[in-house]
Structures are given as C-alpha cells and as structure tokens.
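What follows is a short report on a single structure.
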Amino acid sequence: MAIVKPFFCIRPRADVADQVAALPYDVYSRSEAKKETLREPLSFLKIDRAETQLPDAVDLYDPSVYAKAKELLHDRIQDGTFLADSEECYYVYELIMDGRSQTGIAACASIDDYRNNVIRKHENTREDKEIDRINHVDICNAQTGPIFLAYRSRKAINEVVSEVKKELPIYHFTAVDGITHIVWRVSEKERIHAIQEAFAGIERIYIADGHHRAASAVKVGLKRRRENPDFTGKEEFNYFLSVLFPHDQLKILPYNRAIKDLNGFTKEKFLKKLEEHFKVSFHGKNAYSPEKKGTFGMYLDGDWYALAIKDALKMIQDPVASLDVSLLQDYLLHPILGIGDPRVDKRIDFIGGIRGNEELERRVNEDMAVAFSMHPTSITELFRVSDAGMLMPPKSTWFEPKLRSGLFIHKLS
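Using my numbering, you'd call the opening residue of the sequence shown number 41 and step up by one each time.
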C-alpha cells in the first residue's frame, strides 16, 4: 500500500513559471550552471546551485552555499515570485518531447514507504552527493527538486488524469530546449480521494531518477524525527516531493560509456581481444546505435564498429548480470580495459544518450581512447531488478525529458 498524498505547494506565478523552471541541479557542471543563471536571472538553478551566486573560489559544499540558497528562496517567496497554496492539492504535470507525451502526478511520497521498500531503488548512492542535498533540504527547510517515480499503470488514475487535462492548466510553456510543460491543479476533494485511494492499492513504486534526492530527503526526515521525538507521522518532514508516472508512458535513453585509454593494448590487439566474447563488424564513418539487446556501438580511432555479444552470454538469467551495461562491464570494460569499479575509476566517463553519438565522437577525438553506444535499459528490466531487491550498475538509465525544478516546492514545516 503506497502513501501518496496531496501537499501545500509553493510554486511560481504563472507569468514567470517558464523563467523559473530549471533542469535538475546535477545535470550541470559548475561553469554550466553559472552560465545558465546569467542567461536566465529568475532560474531556480540559482537556489538549487547557490554557489553560482558566490565567488568561484567558494567550495561547492561550503556552508555559505546552503545559507545563500535559503536566503534566495526566502527572497523569492517574499517578493511574490513564488506563491503558497492555501490547501493541499495534487498537480497533474505533462511533459511533451519530440511529439511524445508523458503525464505524471506531483505529490508527496512517504519516507516510511522508502524505508519499507514499497518504494523500490535500483541504484546505489554516493555519500558525498547525499550530504550535499541533505544540507540543501535541511537548511532551506524545503524539498526543491522532485523525485521521478514510476508505477505500473492504473486505469483509475489514468481516468482522473484524463478528466483533469480537459480543463484549463495553470502553466503551459515551452522551454528553451523545446520541451513543453503543462500543469493542472487538482483541488477537488472527490478527485483527491480517487487518486489517493488508487495509489493506496499499489504495492510497489519505483525510483526512476533521483536516487540521491530521495535518500537525502529521507535522511532529513529521520533527522527531524530525532529532533521531534513526539512526532505523529503527519508532519511534512515525513514525506518527500515526487512526480509519479505510469510505466507505459516512459522512455529510457541509453547511458553511454567512454574510456580514457586501451589499458596498454594496441588498437590491433584490442580488436583481436574483443573477438573472444563479441562478434565485431566494421562500420567505418557510419555511426552505429544498437537496435537490440546484446549489441553495442564502438567508436575507436575515427571509425565505428558494431559489437554483438556471443550467443552463450545471451542465456544469462540473472536480472542484473543480463543487463547490457553489465555485459559490457563484465566481458569488456573489466577484463580487457581494466575498469574494476566504474563508480570510482577515473578512466571512465558516462555520457547521457540525449547527447547522441556526436558527443562520443567528440570525446574520443579530444580526450578519450574509445567510446561505446548502448542499447537502452527497458522499464521492464528496471522493474525486474528492483523487484528482485537488486541494484543496477551505475549509470544504467537516462530518462528524458527531465523534470523541472522550481515548479513545485514542498516545505518541511
């Protein structure tokens, strides 16, 4: 039984929503984030990445960064950039990218559901990244970036969402990256009850994107419980900001890999070594994107190759070991290129599929030796791994479009 509740939302005025809405804090480097805040003065990235408003010499994790985020959020509420709803509501949030639509519900999920595995994870988190968001949430006293959750599609929820979408939205804009964002407010008690009851009948919800934000929100909630031993469980710190999508509307893009060197191999010996576990086909200057599971593109020394895992390896039944990212790691990256732990190895870089094969070519031509284009992990594979209580290798999924930060803010008290 999943607890998914409406909440008192702090959100931007309709006339500035398109200026405020920002991509997640972690898709930018420091220099990219600063450049974006200069381009758009109202961007929520100023609050999510408050170091952009401080001298470059200030450390990313300096206490002054979180104090600045708190100050900026307070100022934007005080000057009317953000409004506070007077009643608990859900929000229907539609994103349209390249003509494809996905519609979720902005709400608050339960930290206890996270702890009890009603909300399932598929990735490990890094402590340093957790600490950053713990400090941001705790000091701002607010969750500012929603966690992207997925659930197996439910007719009852779909019907309510369809009815809401016939009405006038509170936001409707197309961002500079071409993605359209439309938001409807759900305040009617009958609809709220229908949504809440439908989610209560769902046994499992899955984190699609935002593992660090989720873990950080939960740890802040547990910290607040320790500070308030008489808590009832109804306080806002017991919940975290989310947008929940039905699984059949989601699209996962590949998460590609690039490696710094060939681990001492010459090009010729490396290609020969690959033949132990892969069928290798030369594609020359024609970029290769895998069209089916068990195949990989490889860009090396100005040319593209197609790699197909040999038949015996396709029989692996383990939910994690059978993932393409695992096959590449276990039969190429580790044994041939010496990438033991991709979470910490400095010789590997991960490149979101949204950047295309051109980015793989650019990186190899500039600072890498070889790059691999992947076939995307499917939502079915994600559910299968999570249901087995297992974890995927790092950087297994790249979801597009990304949820915008700043459209929904959840105060903890």
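Note that CB positions come from ideal geometry on N, CA and C, so glycine has one too.
8 Å contact criterion, which residue i and residue j should meet: CB distance rounded
i	j	result
SER298	ARG403	The sequence shown places Ala at residue 298, not Ser. The Cβ separation is near 5 Å, so the contact holds.
ARG160	ASP427	7 Å
GLU80	GLN93	The pair is not a contact, with the Cβ atoms about 13 Å apart (cut-off 8 Å).
PHE47	HIS450	6 Å
ILE222	HIS212	5 Å
TYR130	ILE292	Wrong, their Cβ atoms sit about 25 Å apart, outside the cutoff.
ILE43	ALA149	7 Å
LEU290	PHE439	7 Å
ILE3	LYS259	Residue 3 lies beyond the residue range present for the chain, which begins at 41 and ends at 453; the question has no answer from this structure.
Span separating the alpha-carbon of residue i from that of residue j
i	j	result
LEU347	PHE336	5 Å
PRO286	ARG192	6 Å
LEU311	LYS108	52 Å
GLU91	THR184	16 Å
MET137	ARG395	15 Å
GLY429	LYS386	28 Å
CYS23	ASP55	For the chain, the structure presents residues 41 to 453; residue 23 sits outside this window and is missing.
LYS206	GLU128	21 Å
ALA238	VAL200	10 Å
ILE210	ALA190	24 Å
SER329	TYR68	25 Å
VAL360	THR437	13 Å
THR420	GLY144	18 Å
LYS307	ASP407	16 Å
SER321	PHE305	19 Å
HIS176	ARG244	28 Å
SER202	ASP249	24 Å
GLU398	ALA411	11 Å
ASP102	LYS75	20 Å
ILE171	TYR371	34 Å
TYR345	LEU377	17 Å
SER282	ALA147	6 Å
GLN357	GLU167	31 Å
LYS169	HIS251	10 Å
LYS300	ALA327	20 Å
ASN296	VAL158	30 Å
ARG266	ILE151	14 Å
LEU540	LYS325	Outside the modelled stretch of the chain, which goes from 41 to 453, sits residue 540, for which no answer is possible.
THR220	PRO441	10 Å
ASN405	SER141	36 Å
TYR133	LEU208	13 Å
LEU284	ALA215	21 Å
THR77	SER71	10 Å
HIS323	ASP343	7 Å
LEU262	ASN268	10 Å
ASN198	GLY273	29 Å
ARG194	ARG225	20 Å
MET338	GLY218	30 Å
ASP115	LEU82	12 Å
Contacting residues, own chain, Cβ-Cβ under 7 Å from residue i (five flanking each side not counted)
i	result
ALA254	TYR154, ILE187, ILE247, PHE280
ASP88	ALA62, TYR65, THR184, GLY185, SER445
GLU374	At residue 374 the sequence reads His, which differs from the Glu that was named. Closer than 7 Å at Cβ, skipping near neighbours: GLY380.
ALA73	LEU85, ARG89, THR92
SER104	LEU94, VAL98
PRO294	GLY393, SER413, MET414, HIS415, PRO416, TRP438
LYS45	ALA147, CYS148, GLN236, TYR279
SER227	GLU127, CYS129
LYS332	HIS415
Beta-carbon proximity list for residue i, same chain, < 8 Å, skipping 5 on both sides
i	result
PRO434	GLU163, ASN164, PRO382, ARG383, PHE390
LEU363	THR417, GLU421, VAL425, MET432, PRO433, SER436
ALA409	ILE299, LYS300, ASP301, LEU302, LEU340
ARG231	TYR130, VAL200, GLU203, VAL204
ILE388	ARG297, ALA298, ILE299, LYS300, LEU373, ILE379, PRO382
For residue i: DSSP bridge partner residues
i	result
THR77	Its beta-bridge partners do not exist; DSSP assigns none.
THR184	The partner list for THR184 (beta bridge, DSSP) is empty, contrary to what the question assumes.
THR272	None, per the DSSP bridge assignment.
ARG225	TYR131
ASP389	ALA298
ILE449	ILE50
GLN142	LEU135
LYS45	CYS148
SER413	GLY337
LEU422	Paired residues: none, contrary to the question.
THR214	THR220
Nonlocal neighbours in the same chain, by C-beta distance under 6 Å from residue i, ignoring five residues either side
i	result
LEU452	ASN181, GLU276, PHE277
LEU367	ILE349
MET41	ALA240
LEU100	GLU91
PHE271	ARG265
Residue-level contact to chain D via CB, residue i, 9 Å cutoff
i	result
ARG444	Reference to chain D is not applicable here, since this structure consists of a single protein chain.
Contact between the segment 436-446 and the segment 314-326 (3+ Cβ pairs under 8 Å): Contact fails: fewer than three Cβ-Cβ distances are below 8 Å.
Would you call the segment 45-53 and the segment 121-135 touching, i.e. three or more CB-CB distances under 8 Å? Short answer: they touch.
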